[in-house]
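> Here my numbering = 1-based position in the sequence shown + 177. Next up is a structure, given as structure tokens.
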Amino acid sequence: PEHLELLVREPKAAVDGIVNAGAIFVGEWSPEPIGDYLAGPSHTLPTGGTARMWSGIGADTFLRRSSIINLDEAGFRALADAGLTMARAEGLEGHARSIAVRLERRP
Numbered sequence: 178p179e180h181l182e183l184l185v186r187e188p189k190a191a192v193d194g195i196v197n198a199g200a201i202f203v204g205e206w207s208p209e210p211i212g213d214y215l216a217g218p219s220h221t222l223p224t225g226g227t228a229r230m231w232s233g234i235g236a237d238t239f240l241r242r243s244s245i246i247n248l249d250e251a252g253f254r255a256l257a258d259a260g261l262t263m264a265r266a267e268g269l270e271g272h273a274r275s276i277a278v279r280l281e282r283r284p
């Protein structure tokens, strides 16, 4: 759900079992309007069941991330056979060749 209010005897204990919710309001003193307007989290939350896949919008939504892959030769060689298999299974012969030419180099 977009908003989930836990109005149960042990609300803090119930939080750990929740996987898909845009915002969780814990206990009787945490009503949705306080969370939406004043407590700090973003009011822009996933709706229509999309909390299964997405989080609410926050500052990190607008940050750009990059993955950095930096293998040494031993690391490359440990992964090369699997990489060849996957590239060929996808029909990406150029990818497979980029691995194969490196394997042809002597250690």
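C-beta atoms are modelled at their ideal positions from N, C-alpha and C, and glycine is treated no differently.
1. Short check: CB of I234 to CB of T221, under 8 Å?
2. My parser needs the beta strand (DSSP E) runs of 3 or more residues fully inside the region 193 to 228; what are they?
3. So what's L184 in DSSP terms, helix, strand or just coil?
4. Buried or exposed, going by whether 16 or more other CB atoms sit within 10 Å of the CB of A259?
5. In terms of alpha-carbon separation, which member of T224, T227 and P218 lies closest to A236?
6. Does the pairing of the region 274 to 283 with the region 246 to 261 give three or more beta-carbon distances under 8 Å?
7. Helix, strand or coil, according to DSSP, for I276 in the structure here?
8. State the Cα-Cα distance for the pair R282 and V203, rounded to the nearest angstrom.
Short version:
1. yes
2. 200 to 203
3. coil
4. exposed
5. The option with the nearest alpha carbon to A236 is P218.
6. yes
7. Correct three-state label for I276: helix.
8. 60 Å
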